[in-house]
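A short worksheet on the structure shown next.
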Amino acid sequence: MALLTILAFPDDRLRKKASPVEVFDDSLKQLVGDMLETMYNAPGIGLAATQVNVHKRVIVIDVSEEKNSAVCLINPEIIEKRGVEEMEEGCLSVPGVFEKVRRAQCVRVRALDLEGNTTEFDAEGLLAVCIQHEIDHLEGHLFVDRLSPLKRQLVRKKIKKDQRHRPGKSPSHPVSSVI
Ligand code: GNR
Ligand code: NI
663 MALLTILAFP DDRLRKKASP VEVFDDSLKQ LVGDMLETMY NAPGIGLAAT
713 QVNVHKRVIV IDVSEEKNSA VCLINPEIIE KRGVEEMEEG CLSVPGVFEK
763 VRRAQCVRVR ALDLEGNTTE FDAEGLLAVC IQHEIDHLEG HLFVDRLSPL
813 KRQLVRKKIK KDQRHRPGKS PSHPVSSVI
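Under the working numbering, the first residue of the sequence shown is numbered 663, with each subsequent residue one higher.
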């Protein structure tokens, strides 16, 4: 296993649309293992392959307190949405920014597992938020895109300012920043 470098906003590579996984081989298992290690190390509750510059439709999530409930979803799709909810979100690719985002409250998800078998389940609460956040990454979208243009401009300024004030200090997790 290995720690992967997490891309940071506004890196253009975070804007690439990921392609579906077609081959379920050992290199996919290796990627998922590395993504889990990177997510737990950051620490975060989710990670999309896009964030580690791999443009395949792979996400990992663990919203448990004990950090013992890893979920890996390949080619995930939301096939049903219900309700609306606002929750404060953060993103490992947008360090230091936490803002409320409006999303569906409950989602029905279809995805493949590491063997290529289809699974379908309902999610709500933090898990539902996280799945929607990670699928956004696979489309090249970030949670800050869902804020008002004014708020997004403030976020961009804050990131530039943080960068200026702590030029030598790196974040707790490895990030590649091109601001
Ligand atoms: O660690 C993370 N926390 C989080 C909190 C609220 C809503 C979404 C998230 S996902 C984020 C990790 C991340 O950036 N995943 O892409
Ligand atoms: Ni994120």
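Just so you know, even glycine gets a beta-carbon here, dropped at the ideal spot from N, CA and C.
Buried versus exposed call for residue i [16 or more other C-beta atoms within 10 Å across all chains shown]
i: Met663; result: exposed
i: His827; result: exposed
Within 8 Å, strictly: CB atoms of residue i and residue j
i: Leu754; j: Ile668; result: yes
i: Val817; j: Val759; result: yes
i: Ile707; j: Val725; result: yes
i: Met749; j: Val806; result: no
i: Val722; j: Leu698; result: yes
i: Val685; j: Arg719; result: no
i: Glu739; j: Cys768; result: no
i: Thr700; j: Leu693; result: no
i: Phe671; j: Val756; result: yes
Beta-carbon contacts of residue i that lie in its chain and below 6 Å, excluding the five residues immediately before and after
i: Glu742; result: Arg770
i: Glu782; result: Arg772
i: His717; result: Lys678 and Ala680
Any non-hydrogen atom of the ligand GNR within 7 Å of residue i CB
i: Cys734; result: no
i: Ile821; result: no
i: Val769; result: no
i: Leu709; result: yes
i: Gln692; result: no
i: Val791; result: yes
The ligand NI heavy atom lying under 7 Å from the CB of residue i
i: Cys753; result: yes
i: His803; result: no
i: His717; result: no
i: His827; result: no
Cβ shell of residue i (< 7 Å), same chain only, five flanking positions each side left out
i: Lys801; result: According to the sequence provided, residue 801 is Glu. The question's Lys does not apply to it. Counting only Cβ-Cβ distances below 7 Å, and skipping sequence neighbours, we find Lys679.
i: Arg808; result: Val763
i: Glu777; result: Phe686
i: Lys813; result: Glu761
Other residues of its chain near residue i: CB distance less than 8 Å, five sequence neighbours each side excluded
i: Gly695; result: Met663
i: Leu788; result: Ile707, Val725 and Met749
(Q) Under 8 Å, with one C-beta from each stretch per pair, do the segment 761 to 775 and the segment 788 to 797 reach the 3-pair mark? (A) Flag = yes, the segment 761 to 775 and the segment 788 to 797 touch.
Q) Counting pairs of beta carbons, one from the segment 670 to 682 and one from the segment 711 to 723, are three or more of them closer than 8 Å? A) The segment 670 to 682 makes contact with the segment 711 to 723, as at least three CB pairs between them are under 8 Å.
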